[in-house]
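Since the structure comes first, as structure tokens, the remarks are kept for the end.
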Amino acid sequence: MKNRLFLTGALLVWLAGCEQRELTEVPEATQATFDLEMTPVEIPGIKSLRGMPVDLKGRMQSGKSSSGLQQDVALINEQLIPYGIQLEKMEYFTAQGAGQTVFFKDTGNKRLASDFVPNDPRNALPGTDIPYIVDGTQASTASGLNVLAPIDAVMATWDNVSCADGFSIYNAGVFPSDIGFVSNFFFGFGGSSGFFPGVIVHAGVLPKAFFDLVDVNGGNFILGVTFTLTYIEDINQDGKGDVAIKEVYYNDAFNWQDVVATGSGVDFQTVALHEVGHALSQAHFGKVTRTEANGKVHFSPRALMNAGYSGVNRVVEKTDKAGFCSNWSNWPNN
Numbered sequence: 589m590k591n592r593l594f595l596t597g598a599l600l601v602w603l604a605g606c607e608q609r610e611l612t613e614v615p616e617a618t619q620a621t622f623d624l625e626m627t628p629v630e631i632p633g634i635k636s637l638r639g640m641p642v643d644l645k646g647r648m649q650s651g652k653s654s655s656g657l658q659q660d661v662a663l664i665n666e667q668l669i670p671y672g673i674q675l676e677k678m679e680y681f682t683a684q685g686a687g688q689t690v691f692f693k694d695t696g697n698k699r700l701a702s703d704f705v706p707n708d709p710r711n712a713l714p715g716t717d718i719p720y721i722v723d724g725t726q727a728s729t730a731s732g733l734n735v736l737a738p739i740d741a742v743m744a745t746w747d748n749v750s751c752a753d754g755f756s757i758y759n760a761g762v763f764p765s766d767i768g769f770v771s772n773f774f775f776g777f778g779g780s781s782g783f784f785p786g787v788i789v790h791a792g793v794l795p796k797a798f799f800d801l802v803d804v805n806g807g808n809f810i811l812g813v814t815f816t817l818t819y820i821e822d823i824n825q826d827g828k829g830d831v832a833i834k835e836v837y838y839n840d841a842f843n844w845q846d847v848v849a850t851g852s853g854v855d856f857q858t859v860a861l862h863e864v865g866h867a868l869s870q871a872h873f874g875k876v877t878r879t880e881a882n883g884k885v886h887f888s889p890r891a892l893m894n895a896g897y898s899g900v901n902r903v904v905e906k907t908d909k910a911g912f913c914s915n916w917s918n919w920p921n922n
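Quick look at the structure:
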């Protein structure tokens, strides 16, 4: 088993007005602490097995995406085999048109689904509840929105869906350090030296340049992206991938707002609800059409898990609830 580092996260109570705090200010009120085990990863120089450097940043900046990205991720995945994890997919949400799901891992049995495993001993906090943590160093947007309280509201919204009595999400900490694993090891954009197994990680509001690496010129249209890493071993032998890590990133190039209050901008809670839907194993949903006369994109039926942004939507209902309940209604006995 790999060596692990222990970090303590504080479950923080966010007081009125905290959305305007500077990045360096951390509320003092602490109600509970959790010892998280971060698994450190050492891949010197992030090189392929042939000894050649993997350069996702150079590849994306040269305008080459799809096949080259797949190849480079495959090389990094090879080096993650000793750690028992693989980058399976990324799902991104767009401001225009439809987002994409990009699969990196060929499971060999046409398996596309992956889920958390209850009481998984490989996780940092084994149990039946799902923990989430937040990068406190990248929690304020260029547009002036502090995302900590909105993230808590989003997690509570999913936590309160009525069909899943055995399901619970809890805040395991806001961290004063950069905790992005994928941003560092796959994209060379800086971040954590390891990963938190079994945790949903809100890994920060990152600059446009990061999303230009996710897809060619992606910083112009990607609002948020969720990465799924799975364990190599199917420990419960259910034919599905076992979720090891979920990491969510938000694009600071957009005018993030609480649109219910401001009436303008991009509603952060709507986008975060969508990305957390991915973190909870939901896929994109709905038919996409475009009106040629004005270029507007329409989704039918309108849902949180549509692949593109179509305005404020903070309610889990109908198709979104059906998708969630199909995954979680029997938890932890599914």
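Last residue of the sequence shown: number 922 in my numbering, and the count goes up by one each step with no gaps. We treat Cβ as the ideally placed atom computed from N, Cα and C, and that holds for glycine.
- request: Please name the residue, chosen from E679, I669 and I631, that lies closest to F799 on a Cα-to-Cα basis.
  value: E679
task: Measure from the alpha carbon of A701 to the alpha carbon of each residue in E676, G715 and A712, then state which is nearest.
output: Among E676, G715 and A712, the Cα nearest to that of A701 is on E676.
message: Given a cut-off of 8 Å on the beta-carbon distance, is the pair F775 and V629 in contact?
response: no
query: Alpha carbon to alpha carbon, how far is K698 from Q825?
result: With a pLDDT of only 40 at K698, under 50, the local geometry of the prediction cannot be trusted, and no value is derived from it.
query: Do I721 and V804 have their CB atoms nearer than 8 Å?
result: no
- prompt: How should S750 be labelled, buried or exposed, when 16 other C-beta atoms within 10 angstroms of its C-beta is the threshold for buried?
  reply: exposed
task: Excluding the 5 residues preceding and the 5 following A832 in the sequence, name in chain order all residues of the same chain whose CB lies nearer than 6 Å to its CB.
output: I673, P785, L817, T818 and Y819
- prompt: How many Å lie between E835 and L861 at the Cα?
  reply: When rounded, the distance between both Cα atoms is 14 Å.
query: What span of residues does the alpha helix (DSSP H) with H866 cover, start to end?
result: Its alpha helix (DSSP H) spans residues F856 to A867.
message: Please tell me whether G807 and V762 are closer than 8 Å, where the distance is taken between their beta carbons.
response: no
query: Nearest to G896 by alpha carbon, out of D855, E905 and L736?
result: Closest by alpha carbon: D855.
field: Residue range of the unbroken beta strand (DSSP E) whose run includes K834
entry: G829 to N839
query: Taking the alpha-carbon positions, what's the N711 to A683 distance?
result: 34 Å
message: Using only the alpha-carbon positions, how far apart do N772 and G792 sit?
response: Approximately 12 Å, taken between the alpha carbons.
- prompt: Are the beta-carbon atoms of D846 and T729 separated by less than 8 Å?
  reply: no
- request: Identify, in the order they occur along the chain, each residue of the same chain with its Cβ nearer than 7 Å to the Cβ of F873, setting aside the five sequence neighbours on each side.
  value: The residues are A891, M893, N894, T907 and G911.
query: Short check: CB of N734 to CB of A744, under 8 Å?
result: no
- prompt: Between F843 and the rest of its own chain, which residues show a CB-CB distance below 8 Å, the 5 nearest in sequence each way excluded?
  reply: In the sequence on display, residue 843 carries Asn and not Phe. Result list for N843: S731, S852, G853 and V854, in chain order.
task: Name the residue from V859, A741, L663 and F769 whose alpha carbon lies nearest to the alpha carbon of T758.
output: For the sequence presented, residue 758 should be read as Tyr rather than Thr. Y758 has its Cα closest to that of A741, out of V859, A741, L663 and F769.
Contact check, Y837 vs V859, beta carbons under 8 Å: no
- request: Measure the beta-carbon distance from V813 to V802 and round it to whole angstroms, keeping in mind my assumption that it falls under 8 Å.
  value: Sure, about 6 Å apart at Cβ, within 8 Å.
message: I need the straight-line Cα distance from P795 to F777, nearest angstrom please.
response: Answer to the nearest angstrom: the Cα atoms are 10 Å apart.
Separation of S781 from D703, as counted between CA atoms: 25 Å
- prompt: Hey, out of T689, F691 and I631, whose CA is closest to E666's CA?
  reply: Nearest option by C-alpha distance: I631.
task: Following the continuous alpha helix (DSSP H) through G911, name the residue where it begins and the one where it ends.
output: Element bounds for G911: K906 to W916.
query: My guess is that D708 and S756 are in contact by the Cβ rule of under 8 Å, so how many angstroms apart are they, rounded?
result: Between S756 and D708 the Cβ distance is about 16 Å, and since that is not below 8 Å, they are no contact.
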